[in-house]
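Inspection log for the structure reproduced underneath, given as structure tokens.
Chains as they are written, first to last, in this note's numbering: chain A, 135 to 515; chain B, 135 to 515.
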């Protein structure tokens, strides 16, 4: 990276352009005021889409060709399949077979399973990643092997970057546990059910071309349609979009460590004494074992006091679902579904609500509810 | 209207500009290819919105002032309250009190109750209407009394016009049977429940300022949030947004005329003989008494044959709800809810789905499902 560096409001030296695009150094909390307009996708027309609504293409490779895949494009995927994702790897297999080079991969998050893509970073199929780089991909970046500069983005920052036109997605490939040939899609049904699909919303809304890939094509209408087919150009059926047992990891268990349990109990008591736990309050617990235990202690306090929470912010899991079903929580506002109980609940319970980064974390919005959660318990297992 | 007229593809002489804005004469079905980009609203920022999410303003007038109401603006409302709407009249009462002139009223539809606004057309508060003009408002236009030219738009055409930037809404005022102070809103709960609010979707997405008005302000989150608070600038609580008995008119009854019943039965038989009524088919019936009767004859045929429809396109009413609950129809895809049974069903039954003109009638989209309905029975009572 050869670039002029300037000191930002946090006192760090940062570049003023990344991969040839100008970027705004951090100005301090609440100091940056956007002035432009949202990104405006081209106007499509029904003329160019089949009147019977069937947009199915035989193979993902063919869909990518029809979507105009070429060198240097930005290709997005979402991370709701987590460590069980098969879609991103499939996409770049196709790109490689087609001899395409210098793609930017723009996932909402990456997982160790995507170390499969290292070979495509090596051979120039992928020039760089914008989004997240964990495990082997992170190491690859840290060692300076990636030919362009990596950009890490928060979930809300990613929605914002797409909405504002800072990142223009040429082709979004949205894997779904369930879809119809028109492109309506959800993640609540099928062998590869992953819960909600909110992290793919911005991709659907703003990408130039959108491909929905599923292993579970149902008759129109695919309900719920968290991803609306009206945003979708092509649909593809493949054998498998995700590995079920790796989609829902099952590692989100309450801690059994006496020390951590004590820590969790003290945290819950602290929240009680300060008055945070009152009728109609709201909370968020991280997925770690200690944080989850805090939620359980919350539940005990709420039962004793005979009060309930208006809503809990998910990541959802069996503990939160149990609180919802017991009536201790009126609504789960869910950002991602972490286990099969969460998938069942978001499929069947209207009080278990699908959100997206638009709803909750996009700072360039008319407010968002992240700031409205009374208490968030974060922590590592 | 002083304007050059040109002959369009339907052989009619039409103006090339209306109210000073250029318009495209009809070129023939499928002959017009849009080339531009969707309208891009300005980028907002959370900085400018309260961090506790409470956007409530004391009065509608104050909210309109905060939204920057001034002469010549375009103000939109929706028609889900039908003949019971109180919101549009309230808005222009405020504008009149503030001495504002030359507003364009851009409703998704107007009803006889809006003849109240004739005085504001007379005194120049409203310069013209774009949208729909029925009864007294229609007569007023036809008699040439409106100072600018009226523009009639279809439901899908209205969504398209907003999305494409042909009509720029300065302030959208969205009445809702239920809302929270953040602006999340629906029409399924409260005294003024009107069913879904899909006709206000484009207004929320694209208007510069959005005000949600309700008589039923609930604690965050208002679920379902068909209108998302992230699009909303201000919220207002008023005494009443709609007159319940006029929202759901109850006039949508099966015909009792023997002639019309025979006509309906023959229509249903025709559909049966042609093979339209098959397992997994889809249908739409208009709200008229004869058309509704056709739906009932469909139901008889389906019971006899032991088949079911994959979906029915609403306007929903008690007859369609009964078919849904009997299992003759798997899904109702609803555009507007016509009676209290429809409201109950769309509130409680996840198979009774809220749609919008984006989903169903916008031609500048990547397809829409209007073309996918196997048979539509239209007719007058």
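Glycine included, each C-beta is placed from N, C-alpha and C at the ideal position. For clarity, every value in this text was computed on a predicted model and none was experimentally measured.
| Query | Result |
| --- | --- |
| Name the chain A residues that come within less than 9 Å of residue 330 of chain B, Cβ to Cβ? | Within chain A, no residue comes near residue 330 of chain B; the closest Cβ sits about 14 Å away, beyond 9 Å. |
| Could you compute how far the alpha carbon of residue 463 of chain B sits from the alpha carbon of residue 460 of chain A? | 32 Å |
| State the CB to CB distance for the pair residue 489 of chain B and residue 469 of chain B, rounded to an integer number of angstroms; the pair is presumed to be in contact (CB under 8 Å). | 6 Å |
| Any heavy atom of the ligand GDP closer than 7 Å to the beta-carbon of residue 427 of chain A? | Among the components modelled here there is no ligand, and therefore nothing to report on the ligand GDP. |
| For residue 372 of chain A, does the three-state DSSP call read helix, strand or coil? | coil |
| Closer than 8 Å, CB to CB, is residue 214 of chain A near chain B or not? | no |
| Using a 10 Å radius around the Cβ and a threshold of 16 neighbouring Cβ atoms, would you call residue 264 of chain A buried or exposed? | buried |
| Count the other CB atoms, across all protein chains shown, that sit within 10 Å of the CB of residue 246 of chain B; report buried if there are 16 or more and exposed otherwise. | exposed |
| DSSP on residue 457 of chain A, reduced to helix/strand/coil? | helix |
| If distances are taken between C-alpha atoms only, which option among B/157, B/222, B/144 and B/493 comes closest to residue 285 of chain B? | B/157 |
| Is the stretch 289 to 305 of chain A in contact with the stretch 435 to 444 of chain A, if contact means three or more CB pairs nearer than 8 Å? | no |
| Using the beta-carbon of each residue, which ones in chain B are nearer than 7 Å to residue 172 of chain A? | 174, 175 and 177 |
| Give a yes or no on whether the minimum CB-CB distance between residue 487 of chain A and chain B is below 8 Å. | yes |
| Under a CB-based cut-off of 8 Å, is residue 412 of chain A close to chain B? | no |
| Considering only residues of the same chain and omitting the five flanking positions on each side of residue 487 of chain B, which have a CB-CB separation below 7 Å? | 465, 466, 467 and 468 |
| Any beta carbon of chain B sitting closer than 8 Å to that of residue 149 of chain A? | no |
| Would you say residue 354 of chain B reaches chain A, if we count a Cβ-Cβ gap shorter than 8 Å as a contact? | yes |
| Residues of chain B with CB under 8 Å from residue 492 of chain A, in chain order? | 362 and 364 |
| Is there at least one Cβ from chain A nearer than 8 Å to residue 286 of chain B's Cβ? | no |
| Since residue 238 of chain A is in the beta strand (DSSP E), which residue starts that stretch and which ends it? | 237 to 241 |
| State the Cα-Cα distance for the pair residue 374 of chain B and residue 220 of chain B, rounded to the nearest angstrom. | 7 Å |
| Just verifying my parser: in three-state terms, what is the DSSP assignment at residue 318 of chain B? | coil |
| Closest Cβ-Cβ distance between residue 180 of chain A and chain B: below 8 Å? | yes |
| If you measure from the beta carbon of residue 456 of chain A to each beta carbon in chain B, is any gap under 8 Å? | no |
| Which residues in the same chain have their Cβ closer than 6 Å to the Cβ of residue 243 of chain A, if we skip the five residues on either side of it in sequence? | 213 and 266 |
| Among A/510, A/507, A/494 and A/398, which has the Cα closest to the Cα of residue 289 of chain A? | A/494 |
| Considering just the uninterrupted stretch of the beta strand (DSSP E) at residue 264 of chain B, what are its terminal residues? | 260 to 265 |
| With DSSP run on the structure shown, which of helix, strand or coil describes residue 468 of chain A? | strand |
| Give the interface partners of residue 498 of chain A over in chain B, defined as CB-CB distance under 7 Å, in chain order. | 177, 178 and 179 |
| In whole angstroms, what is the alpha-carbon distance linking residue 194 of chain B and residue 382 of chain B? | 25 Å |
| Give a yes or no on whether the C-beta atoms belonging to residue 159 of chain A and residue 169 of chain A are separated by under 8 Å. | no |
| Quick one: list the residues of chain B neighbouring residue 445 of chain A, beta-carbon separation under 8 Å, in chain order. | 354 and 355 |
| Less than 7 Å between C-beta atoms, sequence neighbours within five positions excluded: which residues of the same chain meet that for residue 455 of chain A? | 475, 476 and 479 |
| With a threshold of 8 Å between beta carbons, is residue 293 of chain B in contact with chain A? | no |
| What residues of chain A sit near residue 467 of chain B, judged by a beta carbon separation below 9 Å? | 355 and 357 |
| What runs of the alpha helix (DSSP H), each 4 residues or longer, lie entirely inside the stretch 254 to 306 of chain A? | 269 to 276 and 289 to 298 |
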